[in-house]
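Using full-length UniProt numbering, the letters of the sequence shown correspond one by one to residues 1 to 40. Glycine included, each C-beta is placed from N, C-alpha and C at the ideal position. Okay, so here's the structure we're looking at.
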Amino acid sequence: MADLPWQRTSTEPASRVTNGKVSSRQVVDSHLDRIGEVNG
């Protein structure tokens, strides 16, 4: 996913999930990956 959900406002990933462009799992995984990067 070139467009990382954690870099967007909350409404953008929600809209993409609704439209079927990404899965909710992809959005959550992106956020969890970012948390891991920040927390080390």
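Along the alpha helix (DSSP H) that carries Asp-33, what are the first and last residues, could you check? According to the DSSP assignment, Asp-33 belongs to the alpha helix (DSSP H) that extends over 24 to 39.
Classify Val-28: buried if its beta carbon has 16 or more other beta carbons within 10 angstroms, exposed otherwise. With fewer than 16 Cβ atoms within 10 Å of its Cβ, Val-28 is classed as exposed.
Just the C-alpha distance for Leu-4 and Arg-34, rounded to the nearest angstrom, thanks. For the pair Leu-4 and Arg-34, the Cα-to-Cα distance works out to about 10 Å.
From the DSSP output, in three-state form, read off Arg-16 for me. DSSP places Arg-16 in helix when its eight states are reduced to three.
Quick one: residues in its chain with C-beta nearer than 6 Å to the C-beta of Pro-13, no 5 flanking neighbours on either side, listed in chain order? Counting only Cβ-Cβ distances below 6 Å, and skipping sequence neighbours, we find Pro-5 and Val-27.
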